[in-house]
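> In order, the protein sequence lines correspond to chains A and B. Residue numbers for the first sequence follow full-length UniProt numbering, so the first one is 1 and each next one is one higher. Residue numbers for the second sequence follow full-length UniProt numbering, so the first one is 1 and each next one is one higher. What follows is a single structure, and I will ask about it in a moment.
2 protein chains.
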Amino acid sequence: MAIPRAAKTQRRTRIQEEKEEQILEAALDVFSVSGFRGSTIDQIAEVAGMSKPNLLYYFRTKEAMHRALIDRVLDTWLEPLRAFDADGNPESEIRSYIRRKLEMARDFPRESRLFANEMLQGAPHVEDELKGPLKELVDEKAEVIRSWAKAGKIAKCDPYHLIFSIWSTTQHYADFDVQVRAVLGQEHAGAGRFEDAARFLEQLFIDGLKVKCVPNAS
Amino acid sequence: MAIPRAAKTQRRTRIQEEKEEQILEAALDVFSVSGFRGSTIDQIAEVAGMSKPNLLYYFRTKEAMHRALIDRVLDTWLEPLRAFDADGNPESEIRSYIRRKLEMARDFPRESRLFANEMLQGAPHVEDELKGPLKELVDEKAEVIRSWAKAGKIAKCDPYHLIFSIWSTTQHYADFDVQVRAVLGQEHAGAGRFEDAARFLEQLFIDGLKVKCVPNAS
DNA sequence: CGATAATTTGACCGATTGGTAAACATTACA
DNA sequence: TGTAATGTTTACCAATCGGTCAAATTATCG
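Following this line, the structure appears as C-alpha cells:
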C-alpha cells in the first residue's frame with residue numbers, strides 16, 4: 001500500500017526529493033503565468049513530464065502544490081529586505097537593495113510573477129504571511145529608515161511608501177516584462193535594460209532622498 | 001430569428017446598450033481578479049445577474065467579452081499619459097501626472113488589475129496594442145522628457161525608465177492593494193494612504209529629477 | 001391589436017476540470 | 001534474493017467548462 005508523502009519512515013527518499021523538486025519547478029512555470037485558478041494540474045504534469053496521478057501522489061491537491069511552492073519561494077523573496085542593514089550607511093544600503101531586487105527581477109521573474117498573481121487575486125493563500133511576518137519585517141526596516149531621516153542622513157520621508165516604491169519599480173521589470181520589451185522596442189529591450197534600469201533607479205532614489213546633499217550628521 | 005449583436009438595423013437597441021454595459025461591468029469584476037484563464041462565463045453571468053446563454057447572446061465567446069472589455073478600458077487608461085504636455089513646465093506636469101495616475105489607481109483599481117493580469121500572462125491579447133499605439137505614445141512623451149533634460153530643466157535621465165517607474169509606483173497601490181493594506185496595518189491603511197503616497201512620490205520624483213535645483217534655463 | 005424582430009431561458013453537448021481506485025512496476029533493505 | 005514499502009500508470013468519476021439549440025418570452029412598431 002502506498003501512503004502519499006512521507007510514509008512510515010518519516011524521512012524523505014531520494015526519489016521524493018527529486019520528484020517534488022521537479023514538480024514545484026513545473027508548478028512555478030505554470031502558476032506564475034496563469035495564477036492559481038487559471039492553472040491546471042494537467043498543464044503542470046505535462047511540463048513536469050509525468051502523469052497527473054503521479055503528481056497527485058506527491059501533492060494531494062492543487063492547493064497543496066501551490067502552498068508548498070509559495071512557502072518555498074517566500075523566504076528567498078524576502079532575503080534582500082532582510083539584508084537591509086541598519087548599521088550600514090544609507091547610500092550603499094539603498095543602492096545595494098535596489099540592485100539586489102533588480103537582480104532578482106532579472107534572475108527569478110517567475111517567482112515575482114507568482115506573488116504578483118497572488119496579490120492580484122487578493123492574496124487568498126498568503127494573507128496571514130502578509131499581516132504577520134512580512135509586516136513585522138517591514139516595520140523593523142521602516143524604523144531603520146526613519147532613524148536615518150531623524151539623524152539627517154536622508155530627507156524626511158514616509159519609510160513605508162519608500163519601500164513600496166522600491167518594490168514596485170524593481171518588480172515591474174519582471175511582472176510587466178512584455179510591456180517593457182514592447183515599449184523599449186527591439187533595439188533597447190536586450191539584456192542591457194536591467195543595467196539602464198539600475199542606473200536610473202539608483203539616481204532617482206539617491207537624489208530623491210537627498211542622501212548626499214545632507215551634511216554629515218553627528 | 002434572432003441575430004446576435006447588431007441585427008438587421010445596424011443601430012444598437014437601448015436594451016443592447018444597457019445589457020452590454022451590465023455584462024462588461026461584471027466581466028471587469030471577474031477578469032480583473034482571476035485573469036482570462038481563471039475566469040468563467042458562469043461567474044460573470046452570476047455577477048451580471050443573467051443567464052449564461054444570455055451573456056453569449058451579446059458576446060459570442062469569452063474571448064469576445066474580454067476583447068471588448070480591454071478595448072473599452074485601454075483608452076481611458078492611457079488618458080493621463082496623453083495629457084502629459086510638452087509645453088507645460090516639468091514640475092507641474094510630472095506632479096499632475098503622478099496625481100492623476102494615483103487617482104486612477106484609487107478610483108479604477110479593477111481596470112489596473114485587468115491590465116496587470118494581462119501583462120503577467122504575457123499579453124496574449126494585447127501585444128499588438130503594446131507594440132503599436134502604446135509604444136508610439138510613450139516614444140512621443142519620452143522625447144518631451146528628453147528635451148527637458150537637454151534644456152537643463154530636469155536632470156539627465158532615461159525617459160523610458162522614468163515613465164516605467166511612475167507607472168509601477170502608482171499602479172502598485174491598485175494591483176498590490178492587499179499587500180499595502182496588510183503592511184500598513186489597520187491604522188494607516190485607510191483612505192489617507194493615497195494622500196501619503198502622493199506626497200511621497202511627488203517628493204521622490206521632483207527631488208530625484210532635481211527639477212527645482214537647476215537654475216532656470218534660457 | 002397583430003406580427004415581426006429582439007431577447008431570454010432550460011436543456012443539453014462534448015471537452016476539460018480536480019481527484020480517485022486499483023492494478024502494476026520499481027526500489028530499498030534485511 | 002525475497003518481500004514489503006514505495007512509486008507509477010491506466011481507467012475512471014462527478015463536476016464544471018465553453019458553447020449550442022430550440023422553444024418561450026418580451027419589446028417594437030405599423
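Yeah, the Cβ is synthetic: ideal placement off N, Cα and C, and Gly gets one too.
To the nearest angstrom, how far is the alpha carbon of A/V144 from that of A/K62?
Straight-line Cα distance between these residues: approximately 40 Å.
> List the residues of chain A whose Cβ lies closer than 8 Å to the Cβ of B/N182, in chain order.
Note on identity: in this sequence residue 182 of chain B is Ala, with Asn being the wrong assignment. Those are A123, E127, L130, K131, L134 and K135, listed as they occur along chain A.
> Name the chain A residues that come within less than 8 Å of B/D207, Cβ to Cβ?
Here the neighbours are A155, D207, G208, L209 and K210.
> Please go through the same chain and pick out, in chain order, the residues whose beta-carbon is closer than 8 Å to the beta-carbon of B/L137, but skip the five residues on each side of it.
Only L78, L81 and R82 meet the Cβ criterion.
> Rounded to a whole number of angstroms, what is the C-alpha to C-alpha distance between B/Y173 and A/A26?
C-alpha separation (whole angstroms): 30 Å.
> Under a CB-based cut-off of 9 Å, is B/T169 close to chain A?
Answer yes: the Cβ-Cβ gap between B/T169 and chain A drops below 9 Å somewhere.
> Report all residues from its chain with a CB closer than 6 Å to the CB of A/K156; omit the five preceding and five following residues, and keep chain order.
Once the five neighbours on either side are set aside, the close Cβ partners of A/K156 are A149.
> Check whether the Cβ of A/G190 lies closer than 9 Å to any Cβ atom in chain B.
It does not; no Cβ of chain B falls within 9 Å.
> Taking buried to mean at least 16 other C-beta atoms within 10 Å of its own C-beta, is B/E111 buried or exposed?
Classification for B/E111: buried.
> When you compare each of A/R100, A/Q121, A/V183 and A/Q22 to B/D175 by their alpha carbons, which one comes out closest?
For the residues A/R100, A/Q121, A/V183 and A/Q22, the minimum Cα distance to B/D175 belongs to A/Q121.
> What does a CB cutoff of less than 8 Å around A/D196 pick up in its chain, not counting 5 residues either side in sequence?
Around A/D196: H188.
> Between which two residues does the alpha helix (DSSP H) harbouring B/D175 extend?
First-last of the alpha helix (DSSP H) with B/D175: P159 to D175.
> What's the gap between the Cα of A/D139 and the Cα of B/G132?
If you take the alpha carbons of A/D139 and B/G132, they lie about 43 Å apart.
> Taking the Cβ atom as the reference point for each residue, do A/L24 and A/M50 lie within a distance shorter than 9 Å?
No, they are not a contact pair.
> Name the chain B residues whose beta carbon is nearer than 7 Å to that of A/M119?
Per Cβ cutoff of 7 Å: D175, F176, V178 and Q179.
> Give the single residue among B/T40, B/S32 and B/V211 whose Cα lies nearest to the Cα of B/A151.
Nearest C-alpha to B/A151: B/V211.
> Output needed in chain order: residues of the stretch 36-64 of chain B with a Cβ under 8 Å from some Cβ in chain A.
Listed in sequence order: F36, R37, G38 and S39.
> B/Q203 touches chain A at which residues, Cβ-Cβ below 8 Å?
The answer, in chain order, is A155, C157 and G208.
> In whole angstroms, what is the alpha-carbon distance linking A/V126 and B/V126?
Rounded to the nearest angstrom, the two C-alpha atoms are 30 Å apart.
> Are the CB atoms of A/P159 and A/A142 nearer to each other than 9 Å?
Their beta carbons are under 9 Å apart, which means A/P159 touches A/A142 by this criterion.
> Kindly list the residues whose CB is nearer than 6 Å to the CB of A/T169, restricted to its own chain and excluding five residues on each side of it in sequence; keep chain order.
Result list for A/T169: L201, in chain order.
> Use the C-beta contact count for A/I206: other C-beta atoms within 10 angstroms, 16 or more gives buried, fewer gives exposed.
Result: buried.
> At the level of alpha carbons, what is the spacing between B/R60 and B/P53?
If I take the Cα positions, the gap works out to 9 Å.
> Taking 9 Å as the threshold (beta carbon to beta carbon), is B/Y97 in contact with chain A?
So no, B/Y97 is outside the interface.
> Can you tell me whether A/I145 is helix, strand or coil according to DSSP?
Correct three-state label for A/I145: helix.
> Is there a Cβ of chain A sitting closer than 9 Å to that of B/H66, yes or no?
Answer no: the Cβ-Cβ gap between B/H66 and chain A never drops below 9 Å.
> Excluding the five sequence neighbours on either side, which residues of its own chain have a C-beta within less than 8 Å of the C-beta of A/R37, listed in chain order?
Excluding sequence neighbours, A/R37 sits near Q121.
> Put A/G38 into one of helix, strand or coil per three-state DSSP.
Helix.
> With DSSP as the reference, label A/P80 as helix, strand or coil.
Correct three-state label for A/P80: helix.
> So, does the stretch 66-73 of chain A touch the stretch 89-104 of chain A, judging by three or more C-beta pairs under 8 Å?
No: fewer than three Cβ pairs fall under 8 Å.
> Taking CB distances under 9 Å as the criterion, tell me whether B/D196 reaches chain A.
Answer yes: the Cβ-Cβ gap between B/D196 and chain A drops below 9 Å somewhere.
> Note down the Cα distance separating B/E17 from A/L134, rounded to an integer number of angstroms.
Roughly 46 Å between the two C-alpha positions.
> Any beta carbon of chain A sitting closer than 9 Å to that of B/L162?
Closer than 9 Å: yes.
> Just the C-alpha distance for B/N216 and B/I166, rounded to the nearest angstrom, thanks.
Unreliable positioning characterises B/N216 in this predicted model, as indicated by a pLDDT of 43, which lies under 50. The coordinate reading is nonetheless provided below. The straight-line gap from Cα to Cα measures roughly 25 Å.
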